[in-house]
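Residues 7 to 280, numbered by our numbering, are exactly what the sequence shown covers, in order.
C-beta: ideal position from N, C-alpha, C; glycine also.
Remember, it's a predicted structure, so these values are computed and weren't measured experimentally.
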Amino acid sequence: MTTPTLAQMAVEVLGTADGRVKTALSRAHAATWFAARAEGRDIPLGRAQPPLRPARPARPELLDPRDVPRRRPGSEQGRIAMLHAVAHIELNAVDLHWDIVARFAEIPMPLGFYDDWVKSADEESKHFNMICDCLEAIGSHYGALPAHAGMWRAAEDTANDLMGRLAVVPMVLEARGLDVTPGMIDIFRRANETQAVEAMQVIYAEEVHHVAYGSKWFHFLCGRHELDPKETFHALVRRYFHGALKPPFNEEKRAEAGIPPDFYWPLTEIAPAR
Ligand SMILES: [Fe+2]
Ligand SMILES: [Fe+2]
7 MTTPTLAQMA VEVLGTADGR VKTALSRAHA ATWFAARAEG RDIPLGRAQP
57 PLRPARPARP ELLDPRDVPR RRPGSEQGRI AMLHAVAHIE LNAVDLHWDI
107 VARFAEIPMP LGFYDDWVKS ADEESKHFNM ICDCLEAIGS HYGALPAHAG
157 MWRAAEDTAN DLMGRLAVVP MVLEARGLDV TPGMIDIFRR ANETQAVEAM
207 QVIYAEEVHH VAYGSKWFHF LCGRHELDPK ETFHALVRRY FHGALKPPFN
257 EEKRAEAGIP PDFYWPLTEI APAR
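And the structure:
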């Protein structure tokens with residue numbers, strides 16, 4: 007049997023609906039990729055058309071964000087809702103990283119670009135499973151509650167723009183995760199939910215790298231096209247991201263991930279209509 011190309015592996019993950027099955031496949035493909043890389047036997051990148059939207063399980067029900075019931079973090083139900091929302095974000099993140107691997111295959115990129123996103127997809131798969139384990143340990147599961155319907159919008163909006171994808175997904179959305187995760191860890195710590203604290207700490211440590219990969223490849227492409235990174239970032243976020251960025255920002259972790267303050271502070275005000 008010949009090994010599938012990286013793009014075929016990506017499309018296979020995107021086409022798998024069940025969360026546990028999707029993440030198991032994602033981790034297996036990542037292991038295959040890195041085993042080949044370690045042996046100096048590169049798997050061809052190949053071409054395969056990713057779906058406009060990834061396959062999703064029948065549950066959770068996907069609702070407009072305004073219709074998703076509000077979280078009450080002080081209660082156990084509130085903490086379950088928070089874990090459920092994180093699981094949903096992680097599952098989308100698995101698909102986002104495999105999507106960037108397959109969707110922009112016509113743009114020549116160094117192999118390190120694929121290493122970074124395959125590693126990120128592997129980590130998101132682990133994050134999803136860890137959070138599902140937390141939910142199941144307290145008598146719930148992924149799919150028990152409704153979830154946000156709009157999470158794939160950033161991917162659709164940037165389906166034809168790799169620099170826009172890097173600006174919006176890792177450098178805005180995943181960077182936002184760095185801002186809000188310490189507060190979530192505090193909530194679980196106060197409730198003595200050790201398993202959730204440990205899972206969220208792993209997520210917090212690894213997400214810095216995903217943001218850093220975004221910044222690295224965004225700057226790489228700015229260099230290739232002789233573009234000013236800050237101005238280009240502002241223009242792309244204003245084009246593809248709907249709304250203003252919300253302080254407070256985790257300036258320390260953003261700096262660690264290669265995102266300086268003059269990238270995000272000017273985007274805290276609603277951009278003028280274009
Ligand atoms: Fe994650
Ligand atoms: Fe991530």
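DSSP three-state assignment for ALA353, whether helix, strand or coil: Since the first and last residues shown for the chain are 7 and 280, residue 353 lies out of range.
LYS4: first and last residue of the uninterrupted alpha helix (DSSP H) it sits in: Since the displayed the chain opens at 7 and closes at 280, residue 4 lies outside it and no answer follows.
Residues that DSSP places opposite LEU172 in a beta bridge: Answer is none; LEU172 lacks a bridge partner.
Helix, strand or coil at LEU233 [DSSP, three-state]: Assignment of LEU233 by DSSP, reduced to helix, strand and coil, places it in the coil class.
Identity of the residue in GLY46, GLU67, VAL107, PRO152 nearest MET88 by Cα: Comparing Cα-Cα distances from MET88 to each of GLY46, GLU67, VAL107, PRO152, the minimum goes to PRO152.
In DSSP terms, what LEU69 is bridged to: Looking at the DSSP assignment, LEU69 forms a beta bridge with HIS154.
Neighbour-count burial assignment, TRP271, 16 or more Cβ in a 10 Å radius: Answer is exposed; the Cβ neighbour count stays below 16.
Neighbourhood of ALA218 by C-beta, 6 angstroms cutoff - its chain only, sequence neighbours within 5 removed: If you ignore the 5 residues before and after ALA218, its C-beta comes within less than 6 angstroms of the C-beta of ALA263, GLY264, all in its own chain and listed in chain order.
Cβ-Cβ separation, LEU242 to GLY170 (assumed contact under 8 angstroms), whole Å: Going by Cβ atoms, the distance from GLY170 to LEU242 rounds to 5 angstroms, so yes, they are a contact pair.
ARG260 vs PRO254 beta-carbon contact at 9 angstroms: Their beta carbons are not under 9 angstroms apart, which means ARG260 does not touch PRO254 by this criterion.
Nearest to GLY25 (by Cα), restricted to the options ASN256, HIS90, PHE194: Across the set ASN256, HIS90, PHE194, the C-alpha of HIS90 shows the shortest separation from the C-alpha of GLY25.
Any 3 or more C-beta pairs closer than 8 angstroms across the region 106-121 and the region 196-210: No, they do not touch.
Residue from ALA205, HIS231, LEU227, VAL124 whose Cα sits closest to the Cα of ALA37: With distances taken between CA atoms, ALA37 lies nearest to VAL124 out of ALA205, HIS231, LEU227, VAL124.
Residue from ARG33, LEU12, ALA160 with nearest C-alpha to SER131: Ranking ARG33, LEU12, ALA160 by Cα distance to SER131 puts ARG33 first.
GLY156 to ALA41 span [Cα, whole Å]: Distance between the alpha carbons of GLY156 and ALA41: 35 angstroms.
GLY46 burial status per 10 Å Cβ neighbour count (16 or more: buried): It is exposed - the Cβ of GLY46 has fewer than 16 other Cβ atoms within 10 Å.
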